[in-house]
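Undergrad: In UniProt numbering, the protein residues as written are 1 to 407.
Backbone N, C-alpha and C fix where the C-beta goes; we use that ideal spot for every residue, glycine too.
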Ligand code: ADP
Ligand code: ASP
Ligand code: MG
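(1) Please classify residue 278 as buried or exposed, where buried requires at least 16 neighbouring CB atoms within 10 angstroms.
(2) Under the three-state reduction of DSSP, which class applies to residue 220: helix, strand or coil?
(3) Nearest to residue 376 by CA position, among 362, 317, 389 and 291, is which residue?
(4) Suppose you measure from the CA of residue 212 to the CA of residue 66; what does that come to, to the nearest Å?
(5) Less than 6 Å between C-beta atoms, sequence neighbours within five positions excluded: which residues of the same chain meet that for residue 299?
(6) Given a cut-off of 8 Å, decide if residue 314 and residue 340 are closer than it, judged by their beta-carbon atoms.
(7) Among 350, 104, 267 and 186, which has the Cα closest to the Cα of residue 310?
(8) Rounded to the nearest angstrom, what separates residue 248 and residue 392 at their Cα positions?
(9) Can you name the start and end residues of the beta strand (DSSP E) that residue 342 belongs to?
(10) Secondary structure at residue 248, three-state DSSP: helix, strand or coil?
(11) Helix, strand or coil for residue 87 per DSSP?
(12) Name all residues in chain order for which at least one heavy atom of the ligand MG lies closer than 6 Å to the residue's CB.
(13) Does the beta carbon of residue 401 fall short of 7 Å from some heavy atom of the ligand ASP?
(14) Rounded to a whole number of angstroms, what is the C-alpha to C-alpha distance between residue 90 and residue 63?
(15) If you follow the beta strand (DSSP E) that residue 227 is in, where does it begin and where does it stop?
(16) Put residue 397 into one of helix, strand or coil per three-state DSSP.
(17) Using 8 Å as the Cβ pair cut-off and three pairs as the minimum, do the region 129-141 and the region 38-56 touch?
(18) Can you name, in chain order, every residue of its own chain whose Cβ lies under 7 Å from the Cβ of residue 382, other than the five neighbours on each side?
(19) Enumerated in chain order, which unbroken segments of the alpha helix (DSSP H) with a length of 4 residues or greater are wholly contained in the region 7-81?
(20) If you pair each beta-carbon of the region 210-225 with each one of the region 146-155, do three or more pairs fall below 8 Å?
(21) Rounded to whole angstroms, what's the CA-CA distance from residue 1 to residue 144? Just pull it up for me.
(22) Please name the residue or residues paired with residue 403 in a DSSP beta bridge.
(23) For residue 297, list the residues DSSP reports as bridge partners.
(24) Distance check for residue 316 and residue 77, CA to CA, integer angstroms please.
(25) By alpha-carbon positions, which one of 312, 27 and 219 ends up nearest to residue 288?
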């Protein structure tokens, strides 16, 4: 008897026929006594379509109303999926995030799951239902609907798996596992049999969109094995777990990630005195703008001032602009420059520490391809370069070839 959470992404539930195919697959794999929770995303490109609808009304950010809008996509999917199961003779019930017991922080558009009370899910499972839960959404303590950030259905699925102590959380998607790089960009990327939470988290944070970073964090916290696999084939996928058994080859580098969603902001001529960096970043934090790479450099040519450059997700540019315009009225700043055509390319691997040649290898590949590096940042298990968006595909392919192709 197994307790399993299965999550199906947008392209997997894009049409009624695809939903019916999922029902058949779930029922075929279900042994008597198995309990199954199915988490679904909005159908196809629904979330993108809802975002563009809102853009036709306003360029401002209305967090609460945006979440009211975006959460409708998943609600369509759960109702249809529950009907499809019932049509196939299987008892099923659909739950919104709130009905599934998911309470989040009140950061609209990127709510964090604070608590998950699975009583209602467990009761419905005990009554022999397949339980269908809307991904990507929850509710605040005050009763407002929130969404969990793009790709957030992954996090819903893993959080439920953690709360009900499922044996495994299966993430069904349109690729058959986690690859050494996005297989749509690097055709000869290799599928991994397994990867640790730590490396997958780093890959996801640095742009490998196959998993939402918070889902990986959640898996690690509750020690839920996550199996990423294809909706459209039976092939075994990639297992994300604490310890990997693979000893065949000690990899220095596990993957190459890219993120085209980057904006670079430079605040020129801030007073070089204590407290000014705090002022800039605390104001951004208050508006929930996540800052990524940060570089502060003192101007040799002009005493008393410094320039701060940082990167953010492009989607947060309107919020960041509002904050920076406000800061400008409160402190002397020479200028604020915004470049929304940047991208990040990163290499990830727990084995790279203590191998200084790895960084040099990456920079060399970029140099050989005439690609300028604007900012470099490192963690214990990754190296990231900020480059122009127009160069990112070439960069990823060349870096992948350097580290993975047999020479
Ligand atoms: P879903 O709608 O099922 O959640 P996503 O589009 O969010 O699917 O994630 C799957 C996509 O992630 C793939 O189509 C692939 O292009 C992309 N991707 C990015 N990096 C990787 C990687 N390293 N391995 C596999 N897929 C990746
Ligand atoms: N539908 C949401 C999105 O497109 C959540 C998800 O698919 O995971 O981001
Ligand atoms: Mg996704």
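TA: Concretely, from the data shown:
(1) Counting from one through the chain shown, the residue named residue 278 turns up at place 278. Burial is judged here by how many other beta carbons sit within 10 angstroms of a residue's own beta carbon; residue 278 has fewer than 16 and is exposed.
(2) Against the chain shown, residue 220 aligns to sequence position 220. Residue state, collapsed to three classes: helix.
(3) Counted from its first residue, the chain shown places residue 376 at position 376. Across the set 362, 317, 389 and 291, the C-alpha of 362 shows the shortest separation from the C-alpha of residue 376.
(4) As a first step, residue 212 is located in the chain shown; it is residue number 212 there, counting from the start. As a first step, residue 66 is located in the chain shown; it is residue number 66 there, counting from the start. Approximately 20 Å, taken between the alpha carbons.
(5) Taking the chain shown and counting its residues from 1, one reaches residue 299 at position 299. Contacts found: 305.
(6) For the purposes of this step, residue 340 is identified with residue 340 of the chain shown, where counting begins at 1. For the purposes of this step, residue 314 is identified with residue 314 of the chain shown, where counting begins at 1. Yes, the Cβ-Cβ distance between residue 340 and residue 314 is below 8 Å.
(7) Position 310 of the chain shown holds residue 310. Residue 310 has its Cα closest to that of 267, out of 350, 104, 267 and 186.
(8) Taking the first residue of the chain shown as 1, we reach residue 248 at position 248. Taking the first residue of the chain shown as 1, we reach residue 392 at position 392. Residue placement at residue 248 cannot be trusted, given a pLDDT of 45 that sits under 50; what the coordinates show is reported in the next sentence. Their Cα atoms are separated by approximately 31 Å.
(9) Taking the chain shown and counting its residues from 1, the one referred to as residue 342 is at position 342. It spans 335-348 - the beta strand (DSSP E) in which residue 342 sits, taken as one unbroken run.
(10) Position 248 of the chain shown, counting from 1, holds the residue named residue 248. Any reading at residue 248 must be qualified, since the residue scores a pLDDT of 45, below 50, and its modelled position is unreliable; the value itself is stated next. Coil.
(11) As a first step, residue 87 is located in the chain shown; it is residue number 87 there, counting from the start. In the displayed model, residue 87 falls within a helix according to three-state DSSP.
(12) 9, 151 and 154
(13) Reading the chain shown from its first residue, position 401 is the one you call residue 401. For residue 401, the shortest C-beta to heavy atom distance toward the ligand ASP is 7 Å or greater.
(14) As a first step, residue 90 must be located in the chain shown, where it is residue number 90. As a first step, residue 63 must be located in the chain shown, where it is residue number 63. Cα-Cα distance, rounded: 38 Å.
(15) Along the chain shown, one-based indexing puts residue 227 at 227. Residue 227 -> beta strand (DSSP E) spans 226-230.
(16) For the purposes of this step, residue 397 is taken as the residue at position 397 of the chain shown. In the structure shown, residue 397 sits in a helix (DSSP, three-state: H, G or I).
(17) yes
(18) Taking the chain shown and counting its residues from 1, one reaches residue 382 at position 382. Excluding positions up to five away in sequence, the list reads 202, 206, 346, 347 and 348.
(19) Runs of the alpha helix (DSSP H) inside the region 7-81: 16-29 and 46-57.
(20) Between the region 210-225 and the region 146-155 there are three or more C-beta pairs closer than 8 Å, enough to call the two in contact.
(21) Residue 1 sits at position 1 when you count from the first residue of the chain shown. Residue 144 sits at position 144 when you count from the first residue of the chain shown. Rounded to the nearest angstrom, the two C-alpha atoms are 37 Å apart.
(22) As a working note, residue 403 is residue 403 in the chain shown. Paired residue(s): none; residue 403 is not in a bridge.
(23) For this step, residue 297 is matched to residue 297 along the chain shown. According to DSSP, which records beta bridges pairwise, residue 297 is partnered with 307.
(24) Stepping through the chain shown from its first residue, residue 77 is reached at position 77. Stepping through the chain shown from its first residue, residue 316 is reached at position 316. If I take the Cα positions, the gap works out to 28 Å.
(25) Residue mapping note: residue 288 aligns to position 288 of the chain shown, counting from 1. Checking every option, the nearest Cα to that of residue 288 belongs to 312.
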